[in-house]
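Using the numbering used here, the first residue of the sequence shown is number 221, and each one after it goes up by one.
Backbone N, C-alpha and C define an ideal beta-carbon position, used for all residues, glycine too.
This one's a predicted model, so the numbers in the text were calculated from it and none came from an experiment.
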Amino acid sequence: MPIRTANDTVTPYFLISYDENGAERSEDDGTKLSRAVIDRVADVSHPVTDVFLMSHGWQGDVNAAIRQYDAWVGAMAAVKSDVQYLTERRPNFNPIIVGLHWPSLPFGDED
């Protein structure tokens with residue numbers, strides 16, 4: 221799964237997907253998205269201050285996870301007063317948002 225941006229926001233999130241055996245799925249270029257997350261967190265030139273993890277419930281395929289995470293990130297970004305509160309009190313606020321997906325819907329779409 222690529223780095224996604226929730227609908228109508230500029231807020232990116234990483235969607236790491238796992239297969240039925242619990243192994244992380246590779247990106248189209250063969251890389252693992254978890255490596256991009258690790259690199260981002262380790263980047264001292266732009267330090268991450270907070271890590272938000274999202275995990276969907278049972279009976280979800282990849283499309284359901286995307287819809288749910290887009291909605292969650294969109295809802296978080298839409299509360300401008302909270303974003304303003306954080307940036308005023310923590311001027312260096314720099315979060316990373318990571319969604320995790322595993323196949324939990326029988327015969328769901330995992331492509």
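*For V293 versus T229, is the C-beta distance shorter than 8 Å?*
yes
*DSSP beta-bridge partners for T225?*
P232
*Tell me whether G277 is buried or exposed, calling it buried when 16 or more other Cβ atoms sit within 10 Å of its Cβ.*
exposed
*Starting from V318, trace the beta strand (DSSP E) both ways and give me its first and last residue.*
315-321
*asked:* Can you check which of these residues, H321, S324, V303, is closest to N314 by C-alpha distance?
replied: V303
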